[in-house]
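Visitor: Take the sequence shown: its position 140, counting from 1, is numbered 139 in numbering that gives the first Met the number 0, and each next residue is one higher.
Got a structure here, written out as structure tokens. Questions coming.
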Amino acid sequence: MIYLDNAATSFPKPKSVQDEVISCIKSYGGNPGRGSHALSLAAADKIYECRAALSELFGLGAPENAVFTLNTTHALNTVIKGALRQGDHVLISDMEHNAVFRPIYRLAREGFIKYSVFRTFPDRPDLEDNILSDISAKLTPRTRMLVCAHASNICSSVLPIRKIGELCRKSGILFVVDAAQSAGHIPIDFHLLGADAVCLPGHKGLYGPQGCGVILLREGLTLKTLTEGGNGVNSLEGTMPELPPERYEAGTLPTPAVAGLLRGISEVSRLGIDSIHRHECALYEYARERLSELDGIKIYASDRVGSVLLFNLEGKSADSVGDALNGAGICVRSGYHCAALAHKTLATPPGGAVRVSFGIYNTLADVDTLVNALRTIKSL
Ligand code: PMP
């Protein structure tokens, strides 16, 4: 089996991650923060170590500002719904995943907020400055937040988020970054970015297990809580604690996933995010060159090099190509990738397109196998 669906979740997970999850559920997985016995304390230590590792990797400062959630979607919902107030206006990009679009859309449909969509020109890297002018043109006196994906999940387009962050700060609006496709793939420095919150998955570019996401929160930012419940802190009070992380962590944490994520972060740090990025870009460039040998192939936004490549084969539906590749032992994802807005921006046809997404374990030989399989599929 060749796995080329790392944008959905990375696979396989490093051996150290697998071993840590097993060790957690076999040897020390008490409920963190729920008692003073040895196994609860051991689990709490792992959770803290993972906050510290995240803080170090992303230049966050205080580990307490790394909040655990179930996944990126939960992290984004927590921040978006925790910060917005009745009558606010929000800016989102035209490349958003449903994890951003749907919460915003629902709040807008209910009349709670209004939103506008700014353009990102994903197939025109030369138009980067136009993104900033479009944002400026769409700001209103009621704009309170800009939320956008750092890197797209359907192509390798990356937004100039440092410049966007500067613009948000100058305009006095909250800046929320969806780093689902960039964390672990592209270096991120929380302070240079100037974001109020960065939401990211444990299970993609950081090579942790499924089951946990993260919010990196700006020091001093307080949100309304989305979920209330127990966490072992201030138990006699009816309200959630005031400070992160416990303010946003109601209920039992996914300790095995967090413990595994700690090892995933070690692995990513050992390899170096710059070198992971170079590896993925090299695979992209090779794939673009080899795929271009096929007649009737359309690669979207192909001037953007990174870990995600999107294509269609003339005369074949995206799903039929995805199914045929699965039959040939190659895992890709076809369709709309939970990102209808982004597909509209790239003008993919009905049925969407086929996505190939690389990770640390992919090789040039995987690309050769993909191209050979597509040659056969094309001839059928
Ligand atoms: N945002 C983007 C850009 C994504 O690619 C994804 C995952 N496909 C998400 C958000 C949602 O991530 P999760 O599955 O961790 O909730």
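By construction, the Cβ of each residue, glycine as well, lies at the ideal position given by its N, Cα and C atoms.
Just so we're clear, the structure is a prediction, and the values are computed from it rather than from any experiment.
Near residue 372, what residues of its chain come up, given a Cβ to Cβ distance below 7 Å and the 5 sequence neighbours on each side ignored?
Guide: Looking up residue 372 in the sequence shown gives position 373. Taken in chain order, the residues that qualify are 324, 327, 329.
Visitor: Does the stretch 23–31 come close enough to the stretch 248–268 to have 3 or more Cβ pairs within less than 8 Å?
Guide: Flag = yes, the stretch 23–31 and the stretch 248–268 touch.
Visitor: Measuring CA to CA, which of 118, 75, 117, 115 is closest to residue 102?
Guide: Numbered from its first residue, the sequence shown carries residue 102 at position 103. Nearest option by C-alpha distance: 75.
Visitor: Measuring alpha carbon to alpha carbon, tell me which of 17, 36, 0, 53 ends up nearest residue 214.
Guide: One-based indexing of the sequence shown puts residue 214 at position 215. Among 17, 36, 0, 53, the Cα nearest to that of residue 214 belongs to 53.
Visitor: CB residue 366 to CB residue 312, shorter than 9 Å?
Guide: For this step, residue 366 is matched to residue 367 along the sequence shown. For this step, residue 312 is matched to residue 313 along the sequence shown. No, Cβ-Cβ distance for residue 366 and residue 312 is not below 9 Å.
Visitor: Are residue 183 and residue 205 touching if we call contact CB-CB under 9 Å?
Guide: Here residue 183 is taken as the residue at index 184 of the sequence shown, counted from 1. Here residue 205 is taken as the residue at index 206 of the sequence shown, counted from 1. Yes, the Cβ-Cβ distance between residue 183 and residue 205 is below 9 Å.
Visitor: When we look at the beta-carbon of residue 0 and count the other beta-carbons within 10 Å, is it buried (16 or more) or exposed?
Guide: Mapped onto the sequence shown, residue 0 falls at position 1. Its Cβ having fewer than 16 others within 10 Å, residue 0 is exposed.
Visitor: I need the boundaries of the alpha helix (DSSP H) containing residue 100, first residue and last residue.
Guide: Numbered from 1 along the sequence shown, position 101 holds the residue referred to as residue 100. That run of the alpha helix (DSSP H) goes 97–108.
Visitor: Let me know the secondary structure DSSP gives residue 353 once reduced to three states.
Guide: What you label residue 353 is simply residue 354 of the sequence shown in a count that begins at 1. Residue 353 falls in the strand class under three-state DSSP.
Visitor: On the DSSP letters alone, give me the boundaries of the alpha helix (DSSP H) that residue 278 sits inside.
Guide: Residue 278 sits at position 279 when you count from the first residue of the sequence shown. Residue 278 -> alpha helix (DSSP H) spans 272–290.
Visitor: For residue 368, does the three-state DSSP call read helix, strand or coil?
Guide: The residue given as residue 368 occupies position 369 in the sequence shown. Reduced to three states, the DSSP call for residue 368 is helix.
Visitor: Name, in chain order, the residues that DSSP records as bridge partners for residue 330.
Guide: Locating residue 330 in the sequence shown gives position 331, counting from the first residue. Beta-bridge pairing links residue 330 to 2.
Visitor: Does residue 310 come out as helix, strand or coil in the three-state DSSP assignment?
Guide: Your numbering for residue 310 matches position 311 in the sequence shown. Correct three-state label for residue 310: strand.
Visitor: Enumerate in chain order the residues of its own chain whose CB-to-CB distance from residue 157 is below 8 Å, with the five nearest sequence positions on each side excluded.
Guide: Stepping through the sequence shown from its first residue, residue 157 is reached at position 158. Hits under 8 Å: 149, 150, 151, 181, 185, 303, 305.
Visitor: May I ask which residues mark the beginning and end of the alpha helix (DSSP H) holding residue 202?
Guide: Within the sequence shown, the letter at position 203 stands for residue 202. Neither: residue 202 is in no alpha helix (DSSP H) and is coded neither H nor E.
Visitor: Please report the straight-line C-alpha distance between residue 141 and residue 117, rounded to a whole angstrom.
Guide: Locating residue 141 in the sequence shown gives position 142, where the first residue counts as 1. Locating residue 117 in the sequence shown gives position 118, where the first residue counts as 1. Their backbone Cα atoms lie some 16 Å apart in a straight line.
Visitor: Going by other Cβ atoms of all chains shown within 10 Å of its Cβ, with 16 needed for buried, is residue 171 buried or exposed?
Guide: Mapped onto the sequence shown, residue 171 falls at position 172. Per the 10 Å Cβ criterion, exposed.
Visitor: Have a look at the DSSP bridge pairing and note the partners of residue 174.
Guide: Taking the first residue of the sequence shown as 1, we reach residue 174 at position 175. 145.
Visitor: Report back the beta-carbon spacing between residue 41 and residue 30 to the nearest angstrom; my notes put them in contact at under 8 Å.
Guide: On the sequence shown, position 42 is the one that residue 41 refers to. On the sequence shown, position 31 is the one that residue 30 refers to. Wrong, their Cβ atoms sit about 11 Å apart, outside the cutoff.
Visitor: Looking only at DSSP bridge pairs, what is residue 88 linked to?
Guide: In the sequence shown, counting from the first residue as 1, residue 88 sits at position 89. 113, 142.
Visitor: So what does DSSP say about residue 158, is it helix, strand or coil?
Guide: Within the sequence shown, numbered from 1, the residue matching residue 158 stands at position 159. Note: residue 158 maps to coil in three-state DSSP.
Visitor: Mind checking which residues open and close the beta strand (DSSP E) that includes residue 66?
Guide: For the purposes of this step, residue 66 is taken as the residue at position 67 of the sequence shown. Residue 66 -> beta strand (DSSP E) spans 65–68.
Visitor: Three or more C-beta pairs closer than 8 Å, one from the stretch 95–112 and one from the stretch 48–62: is that the case here?
Guide: The stretch 95–112 is not in contact with the stretch 48–62.
Visitor: Report yes if the C-beta of residue 212 is less than 8 Å from at least one heavy atom of the ligand PMP; otherwise report no.
Guide: For the purposes of this step, residue 212 is taken as residue 213 along the sequence shown, with counting starting at 1. Yes; taking the cut-off as 8 Å, the Cβ of residue 212 has a heavy atom of the ligand PMP nearer than that.
Visitor: If I follow the unbroken beta strand (DSSP E) through residue 395, where does it start and stop?
Guide: Residue 395 cannot be examined here, being either before or after the span of the chain that is shown, 0 to 379.
Visitor: Which of the three DSSP states, helix, strand or coil, is assigned to residue 263?
Guide: Locating residue 263 in the sequence shown gives position 264, where the first residue counts as 1. Here residue 263 sits in helix by DSSP.
Visitor: Check whether the Cβ atoms of residue 5 and residue 243 sit closer than 9 Å, and answer yes or no.
Guide: On the sequence shown, residue 5 is found 6 positions in, with the first residue counted as 1. On the sequence shown, residue 243 is found 244 positions in, with the first residue counted as 1. Result no, Cβ atoms of residue 5 and residue 243 do not sit closer than 9 Å.
Visitor: Is the beta carbon of residue 295 sitting closer than 9 Å to the one on residue 2?
Guide: Residue mapping note: residue 295 aligns to position 296 of the sequence shown, counting from 1. Residue mapping note: residue 2 aligns to position 3 of the sequence shown, counting from 1. No, these two residues do not count as a Cβ contact at 9 Å.
Visitor: Which residues bound the alpha helix (DSSP H) around residue 32?
Guide: For the purposes of this step, residue 32 is taken as the residue at position 33 of the sequence shown. Looking at the DSSP string, residue 32 is not in any alpha helix (DSSP H), and its letter there is neither H nor E.
Visitor: Residues bridged to residue 216 by DSSP?
Guide: Working through the sequence shown from its first residue, we reach residue 216 at position 217. According to DSSP, which records beta bridges pairwise, residue 216 is partnered with 196.
Visitor: Find the nearest neighbour of residue 8 within the set 376, 360, 314, judged by alpha-carbon distance.
Guide: Taking the sequence shown and counting its residues from 1, the one referred to as residue 8 is at position 9. The shortest C-alpha separation from residue 8 is found at 360.
Visitor: Starting from residue 17, trace the alpha helix (DSSP H) in both directions and tell me its first and last residue.
Guide: Locating residue 17 in the sequence shown gives position 18, counting from the first residue. It spans 14–22 - the alpha helix (DSSP H) in which residue 17 sits, taken as one unbroken run.
Visitor: For the alpha helix (DSSP H) holding residue 133, just list the boundary residues, first then last.
Guide: Sequence index remark: in the sequence shown, residue 133 carries index 134 (1-based). 127–137 is the extent of the alpha helix (DSSP H) around residue 133.
Visitor: Among residues of its own chain, excluding the 5 on either side of residue 139, which ones have a beta-carbon nearer than 7 Å to its beta-carbon?
Guide: In the sequence shown, the residue the question calls residue 139 occupies position 140. If we look at residue 139 and ignore the five residues flanking it on each side, its Cβ neighbours are 88.
Visitor: For residue 150, which residues does DSSP report across the bridge?
Guide: Sequence index remark: in the sequence shown, residue 150 carries index 151 (1-based). According to DSSP, residue 150 bridges with 157.
Visitor: Helix, strand or coil for residue 318? Go by DSSP, reduced to three states.
Guide: Here residue 318 corresponds to residue number 319 of the sequence shown, with the count starting at 1. In this structure, residue 318 counts as helix in the three-state DSSP scheme.
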